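See structure below.
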Amino acid sequence: KKMATQKIKLRIEKGGYSKAVFWSLDVKLNPETRETVCTVTKTEPLERPEDTQTWTGNLSRNESKRVWRSLKTHSIYTLPRTDYNVNLSDDCYHMGVTIDVDHPDGTFLHQCPTESCVIVSIVKPTKLEYTRFLHFVQDIVDIGEKASKIPAQDFIKLKWKTREQELAKFNDEADHI
């Protein structure tokens with residue numbers, strides 16, 4: 103049985119007047135070879151754009167399993183999403199992470215603002231949805247960092263830690279945060 107192509111693209115970015123991608127990861131499962139190819143890129147676009155680091159290689163079998171297991175564990179396809187390219191909506195998770203997933207189980211596209219004009223999003227994730235999104239992002243970035251030896255910037259991880267602390271203040275039944 104031939105497998106379908108599976109891919110995940112993740113971008114940690116900043117829109118507005120100084121649009122920039124800080125860290126990105128592309129993962130693609132080759133249906134012919136069943137190898138999972140990963141590319142990680144890190145830039146310091148506002149300080150030293152010439153210091154770009156890029157790594158491309160095959161993920162180990164365990165890393166590959168972790169990627170696709172995380173996708174299912176966090177039920178990424180069922181999460182709320184916003185797409186700046188469609189309606190100029192703000193990032194409903196306020197994390198600056200764009201994700202594009204194409205998988206036989208479903209698709210998911212969450213596009214962050216990339217320009218300075220933004221409309222407040224009417225999409226309001228629950229605490230559980232926000233937590234699933236955050237943990238999926240953390241899982242995928244962790245896998246990419248370990249495989250490539252290219253860490254995401256510290257300020258990004260600090261932002262995630264702050265988000266986790268904020269989420270802890272809400273009870274689990276909170277409708278929307």
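Quick note: the sequence shown, position 70, residue 172 per the working numbering, numbers continuous. Just so it is clear, CB atoms sit at the ideal spot from N, CA and C, and this is done for glycine as well. Predicted model only: the values in this text are computed from it and were never measured.
Candidates 272, 111, 203 and 144: which alpha carbon is nearest residue 255's?
Position 153 of the sequence shown, counted from the start, is the residue given in the question as residue 255. Nearest option by C-alpha distance: 144.
Do you know whose CA, among 242, 115 and 217, lies nearest residue 174's CA?
As a working note, residue 174 is residue 72 in the sequence shown. When each option's Cα is compared against that of residue 174, the closest is 242.
Is it a yes or a no for the stretch 145-164 touching the stretch 175-187, going by three-plus beta-carbon pairs under 8 Å?
Touching, no, given that fewer than three Cβ pairs across the two stretches are closer than 8 Å.
Kindly confirm or deny that the stretch 215-222 and the stretch 234-248 touch, where touching means at least three C-beta pairs closer than 8 Å.
No, because fewer than three Cβ pairs between the stretch 215-222 and the stretch 234-248 fall closer than 8 Å, the two stretches do not touch.
Which residue marks the beginning of the beta strand (DSSP E) containing residue 114, and which one marks its end?
Position 12 of the sequence shown holds residue 114. Residues 108-116.
Rounded to the nearest angstrom, what separates residue 107 and residue 234 at their Cα positions?
In the sequence shown, residue 107 corresponds to position 5, counting from 1. In the sequence shown, residue 234 corresponds to position 132, counting from 1. One Cα belongs to residue 107, the other to residue 234, and the distance between them is close to 24 Å.
Using a 10 Å radius around the Cβ and a threshold of 16 neighbouring Cβ atoms, would you call residue 138 buried or exposed?
What you label residue 138 is simply residue 36 of the sequence shown in a count that begins at 1. Answer is buried; the Cβ neighbour count reaches 16.
Spatially closest choice to residue 165 from 140, 184 and 113, by CA coordinates
As a working mapping, residue 165 is identified with position 63 in the sequence shown. Checking every option, the nearest Cα to that of residue 165 belongs to 140.
Find out if the Cβ-Cβ distance for the pair residue 194, residue 215 is shorter than 7 Å.
In the sequence shown, the residue the question calls residue 194 occupies position 92. In the sequence shown, the residue the question calls residue 215 occupies position 113. Taking 7 Å as the Cβ cut-off, residue 194 and residue 215 do not qualify as a contacting pair.
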